[in-house]
Each structure stands twice: as structure tokens, then as C-alpha cells.
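Asks: What follows is a structure written as C-alpha cells; I'll ask about it next.
Numbering (this note's numbering), first residue to last: 20 to 450.
So this is what it looks like as C-alpha cells:
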């Protein structure tokens, strides 16, 4: 009798069958972009080529959608000698009074705005809006140069028209039959603590030392407006994703599966607004922290449900905190669509089989819904009481979906305690 392979593995194999082609497409696109950026740097040495940009290859290989990839262009600037003005989300980069040795290139009119008022605390500011305009002109000239000298295939790279208020430049690169979109962002790399993470503490789910190494790297200051910069940790998140990929288990497979379902079912081929790969990546990072035990990630179905319970709780409470900057809510821009998104994700979590069937041989009767009544109220608990944002609470949700198979007695006891707490809270609310 033939062994029946679970749909989860069929679905995962289908995703994996495209991985080699996607990796090849990314490599070709990245080579073309690096060729252009090398010409940019040759024309203006204030800009650098970041040859470590290949770290975007991992998220590109995991995703089914073809959304834009961020590409940082570092400035050849010792950011430590600049003054940071502003302690909030946005800041300005000021050139201090006194010896400005080495800063002369950054005080040119094309990227610098001098202080005009008497008694100003600094000589002026390096303005991101001006830096973007200079970089745009350089990219256009570099693309033309590469075409004329046969460094690029005709029509393989072109720049999209600038969008009003955009804080990046868009390069569209043809590689094979695929078009890869890069959002080119000028960045000032600076050695400074990430706000809120001044004291780097190890997080469960990440190997000892890896969290400290990643968070100890330079942060990127990227444009927040025409005059202000902001701290971006996106490149650090990508490195944390790579750390998870080095561990045994199905963490990254779960991310790939949910991104494919999101692309094909929840967003209808990305034609409608909704969740992005970046949202799901953040959900995985939180799930890795909340479920640090290796046995949580041993098979695809269980791994996917670890992400699903975190995602559903975030949608129900209408908030997805940033792992490195928890005060940021990544769902803020989706407020009008969150109710509909919750219904789509809940339906998949209750009966995933329909979305996992790839062809006629997978047709058959679906199991009954996994989800009982009253689960949505449980999913909203962290919004009113942050202490529920813990492994025991999410273990309880896994049990509700009939996918909790952990035998650890301490976890079972903790789950039972939080279930009794939630039931008591429900009784009080009913009264």
C-alpha cells in the first residue's frame, strides 16, 4: 500500500521546484545592478557599492510574490563625526562647527544646506532629498554609459519615473523571463544602539551570540523626508532571517508556504492590498522567539501553525509589533482591511486543505473545520493584557487548532494555567 504524502509536503515541493529559477533570476539582476552602481561610484566617490547586498537573495528565494527589494547605497561618510539632531523617529544630520576635515565633499551645494541664522548650533545639514536627486542623476548617467559600452543587455535595466514624495529610487531589471524591482535607498551607516535595544539581551529561539552579533552591527539612517533621516533595521531583520535558516527545522519553509498562500489566495495574485512578505517575515521572527524549542519546527504543518496563531492574534488585536522596535505597529497602514484579512487567515487556519491542493490528484473530502467557537475572543487577549504574549498562550491556541503535540510537562502545565485564567476572565466578562 502506497504511503500517502501529506498535502503540506506536496505544496512545499511545488514551491521548491521554483527556487533554482528564482535564485538564478536574482543573481542576474543583482549583477546588473552592481554594474550600474560601480559606474555611479566611479562618477561620484561619495557613494559606495555594498557588495553584501546579496543577503536579499534569501528573502527573494523564499517569496512567491515579486515585490520590491530594498538596496542600500551607503555614503562614503564617517557618520560618527556628524551631530544627530532629534531624538524621536526622525533626525537631521548636522555638520558641527570647528574642524571639518574630511567633510568637505559633504558640504557641497548639491547635498548640503548651510545654516543661515546667526548663532546656529551647526554649519548646516546633509539633506536626504538632495542626496536622492544626486543619486538619481548618477543612476541615469550610469545606465546610459553601461548601455553604450555593452556592459548591459539592451533594455535590461531602466529607472521608473520618480513618484511624488517617494524616498527611494526604483530600478527595474529584466533577468530571464522575470523582472526584479529594486528600491534604491541612500544610507548613512552609523555605529549606534538601536532605540529601545541599548542593552542587547539574548532572545529565545536564536543561537547564543547571534542576536548580539546582529544587533551590534551598524544601523542604517535612510530618508524619512526631504530633510530628515530615520533608523532602518530592515537589513538586520534579513540577517536574523538567515540565522533562523541555519537552524534545523521548517521555520523558513513555513514562511514560504504562508507567503505562497497569501500571494495566491489572500491577495489574489497581489492584485489587492493586504499582507506582504515583510509582514510574514516579522511574524516568523516573533514565532521563533515564542516557540524556541526545536520540536516546534520538526514538520511543516506544525511550523506553519506556529506562524498562523501569531498572525491571527495580531490581526484580531489589530497590531503587529516590530521585533527590534516594538513601539512600531506594522499593521497601521492596513487598518481598513484588517477585518477582511482576519477572515481570510482564519478560514485557511480552520480548513487549509483547499488552499494546499495543487492538482486533481489532491482532491478529496476536506476534514472538518479545526476551529471552534470563541477562538476570536481568545485571540484578542494580548491587546488588553500584554502578559498573554507568551508561549503558554500561543500553546493554548495551537491546542484549539488541534496541532499541539508537545509532551513537555512544564509547557502543558503552563498552558493549562493560562487556559484557566482566560476562562475565568471570560466568565467575569459574561457576568
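Don't be surprised by glycine CBs; every beta carbon is placed ideally from N, CA and C.
Roughly how many angstroms separate the alpha carbons of residue 47 and residue 199, rounded to a whole number?
Replies: Roughly 10 Å between the two C-alpha positions.
Asks: In terms of alpha-carbon separation, which member of 128, 79, 433, 124 lies closest to residue 4?
Replies: Look at the range of the chain in this structure, 20 to 450, and you will see that residue 4 is not part of it.
Asks: For the region 136–145 against the region 82–91, do three or more pairs of beta-carbon atoms, one drawn from each stretch, fall closer than 8 Å, so that the two count as touching?
Replies: The region 136–145 is not in contact with the region 82–91.
Asks: What is the DSSP secondary structure of residue 230, reduced to helix, strand or coil?
Replies: Residue state, collapsed to three classes: helix.
Asks: Let's test the definition: count the other Cβ atoms within 10 Å of the Cβ of residue 210 and tell me whether it reaches 16, buried, or not, exposed.
Replies: Residue 210 is exposed by the Cβ-count criterion.
Asks: State the DSSP-derived secondary structure class of residue 296, mapped to helix, strand or coil.
Replies: Of the three classes helix, strand and coil, the one that applies to residue 296 here is helix, per DSSP.
Asks: Determine the contact status of residue 335 and residue 399, defining contact as a CB-CB distance below 8 Å.
Replies: Yes.
Asks: If you follow the beta strand (DSSP E) that residue 14 is part of, which residue opens it and which one closes it?
Replies: Because the chain is modelled from 20 through 450, residue 14 falls outside the range shown and cannot be assessed.
Asks: Opposite residue 529 in the DSSP bridges: which residues?
Replies: With the chain represented from 20 up to 450, any question about residue 529 goes unanswered, as that position is not in the structure.
Asks: Pair every Cβ in the region 299–311 with every Cβ in the region 109–118, then say whether three or more of these pairs are closer than 8 Å.
Replies: These segments do not touch.
Asks: Kindly give me the distance between the Cβ atoms of residue 108 and residue 258, rounded to whole angstroms, as I take these residues to be in contact under 8 Å.
Replies: Their Cβ separation, rounded to whole angstroms, is 22 Å, which puts residue 108 and residue 258 out of contact at 8 Å.
Asks: Verify whether the separation of the beta carbon atoms of residue 52 and residue 201 is less than 8 Å.
Replies: Yes, Cβ-Cβ distance for residue 52 and residue 201 is below 8 Å.
Asks: Could you tell me which of 442, 163, 42 sits nearest to residue 195, measuring between CA atoms?
Replies: Comparing Cα positions, the closest option is 42.
Asks: Between residue 301 and residue 269, which are expected to be in contact by the criterion C-beta below 8 Å, what is the C-beta distance as a whole number of angstroms?
Replies: Contact doesn't hold; Cβ gap of about 18 Å is too wide.
Asks: Here's the rule I'm using: 16 or more other beta-carbon atoms within 10 Å means buried, otherwise exposed. How should residue 265 be labelled?
Replies: Burial call: exposed.
Asks: Relative to the C-alpha of residue 395, which residue among 329, 188, 226 is closest?
Replies: Closest option to residue 395, Cα to Cα, is 329.
Asks: Would you list the one or two residues that DSSP bridges to residue 93?
Replies: Answer by DSSP bridge pairing, in chain order: 206.
Asks: Let me check understanding here. Comparing Cα to Cα, which of 355, 54, 40, 139 lies closest to residue 293?
Replies: The shortest C-alpha separation from residue 293 is found at 355.
Asks: What's the call for residue 74, buried or exposed, on a 16-neighbour Cβ count within 10 Å?
Replies: Residue 74 is exposed by the Cβ-count criterion.
Asks: Around the Cβ of residue 436, are there at least 16 other Cβ atoms within 10 angstroms (buried) or fewer (exposed)?
Replies: Exposed.
Asks: Which same chain residues end up closer than 7 Å to residue 79 when comparing Cβ atoms and leaving out the 5 residues on each side of it in sequence?
Replies: Result list for residue 79: 41, 45, 88, in chain order.
Asks: What would DSSP say about residue 80, mapped onto helix, strand or coil?
Replies: Residue 80 falls in the helix class under three-state DSSP.
Asks: Any idea what DSSP makes of residue 124, helix, strand or coil?
Replies: It is helical.
Asks: Could you have a look at residue 167 and say whether DSSP puts it in helix, strand or coil?
Replies: Residue 167 falls in the helix class under three-state DSSP.
Asks: Would you report the Cα separation of residue 30 and residue 285, rounded to the nearest angstrom?
Replies: For residue 30 and residue 285, the distance between alpha carbons rounds to 16 Å.
Asks: Can you have a look at residue 252 and say buried or exposed, based on whether 16 or more other CB atoms are within 10 angstroms of its CB?
Replies: Burial call: buried.
Asks: Where do the ends of the alpha helix (DSSP H) carrying residue 366 lie?
Replies: Element bounds for residue 366: 357–369.
Asks: Work out the CA separation of residue 151 and residue 245 for me, nearest whole Å.
Replies: The alpha-carbon atoms of residue 245 and residue 151 are separated by roughly 9 Å.
Asks: Rounded to a whole number of angstroms, what is the C-alpha to C-alpha distance between residue 168 and residue 162?
Replies: Looking at the two C-alpha atoms, the distance is approximately 10 Å.
Asks: Could you check the C-alpha separation between residue 423 and residue 412 for me, to the nearest Å?
Replies: When rounded, the distance between both Cα atoms is 12 Å.
Asks: For residue 325, does the count of other Cβ atoms within 10 angstroms reach 16, so buried, or fall short, so exposed?
Replies: Residue 325 comes out buried.
Asks: Just to confirm the assignment, what range does the alpha helix (DSSP H) spanning residue 401 have?
Replies: Run containing residue 401: 400–403, per the alpha helix (DSSP H) assignment.
Asks: Taking the C-alpha atoms as reference points, what is the distance between residue 373 and residue 367?
Replies: Rounded to whole angstroms, residue 373 to residue 367 spans 8 Å at the Cα level.
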